[in-house]
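Okay, structure first, notes after.
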Amino acid sequence: MLVTTSERLIIRQFNEADIEALFMMNARTEMLTYIPTVPFTDIAQAESLLKHVVYADYRKHGFGRWAVELKDSGEVIGFCGPKYLPEFEQVEIGYRYFPEYWGQGIGTEAAKAVADICHPRFKIKELIALILPGNIGSERVAKHIGMTLQQQQDFMGHKVNQFYKRLDSSS
378 MLVTTSERLI IRQFNEADIE ALFMMNARTE MLTYIPTVPF TDIAQAESLL KHVVYADYRK
438 HGFGRWAVEL KDSGEVIGFC GPKYLPEFEQ VEIGYRYFPE YWGQGIGTEA AKAVADICHP
498 RFKIKELIAL ILPGNIGSER VAKHIGMTLQ QQQDFMGHKV NQFYKRLDSS S
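Position one of the sequence shown corresponds to residue 378 (the numbering used here), numbered consecutively onward.
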């Protein structure tokens, strides 16, 4: 299902046709440098992630991590989307892209498109981004969409920088 678009991108829900891309996003070590997780080694792990995490988020919240594909080729190049984190009682915007697309403004373009629909479509009033120190690219994306560094948090056994953005105008 289509979620939103931008100049170069289509942002949509993941589906079974995306299993290989989802696997590679979680298997390529260069993509996981700043992600506190163990790389996938089997396609069944991506199938399980899709079924038990991604689809579960869509059902429970109406949102979750979404596939980001190029309009001109239809290639899935990463993901971007809001995810409810019960341990923080907040919604995190997260994103990850294949390295060959880094440095092209795609992360900012997708994150802006996603942030722009979070409040009107999903009634999300604020977003956080949890970023490991040293992940300059992700920090740059967060800042470009108007997020500010708020504090450090413990997340998945690591100290992370928490960025914050208010989406609605109420106080």
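Where a beta carbon is used, it is the ideal one built from N, C-alpha and C, also for glycine.
Only residues of its own chain outside the window of five on either side were considered, and among them Phe-400, Asn-403, Ala-404, Ala-423 have a CB closer than 7 Å to the CB of Phe-417, listed in chain order. Burial of Leu-504 is indicated by the presence of at least 16 other C-beta atoms within 10 angstroms of its C-beta. Sixteen is the threshold: since fewer than 16 other Cβ atoms of the shown chains lie within 10 Å of the Cβ of Ile-513, the residue is exposed. Taking all protein chains shown into account, Arg-498 has fewer than 16 neighbouring C-beta atoms within 10 Å of its C-beta and is therefore exposed. Taking a cut-off of 8 Å for Cβ pairs, the segment 469 to 481 and the segment 404 to 414 touch, as three or more such pairs fall below it. Secondary structure at Val-415: coil, using DSSP grouped into helix, strand and coil.
If you ignore the 5 residues before and after Arg-543, its C-beta comes within less than 8 Å of the C-beta of Lys-502, Glu-503, all in its own chain and listed in chain order.
Per DSSP, Asn-392 lies in no alpha helix (DSSP H) segment and is marked neither H nor E. Tyr-435 has no beta-bridge partner at all, per DSSP. Secondary structure note for Arg-517: its alpha helix (DSSP H) is the uninterrupted segment 513 to 521. Rounded to the nearest whole angstrom, the C-alpha separation of Gly-484 and Arg-389 is 15 Å.
The beta-carbon distance between Leu-379 and Val-445, rounded to whole angstroms, is 12 Å. This is too long to meet the 8 Å contact definition.
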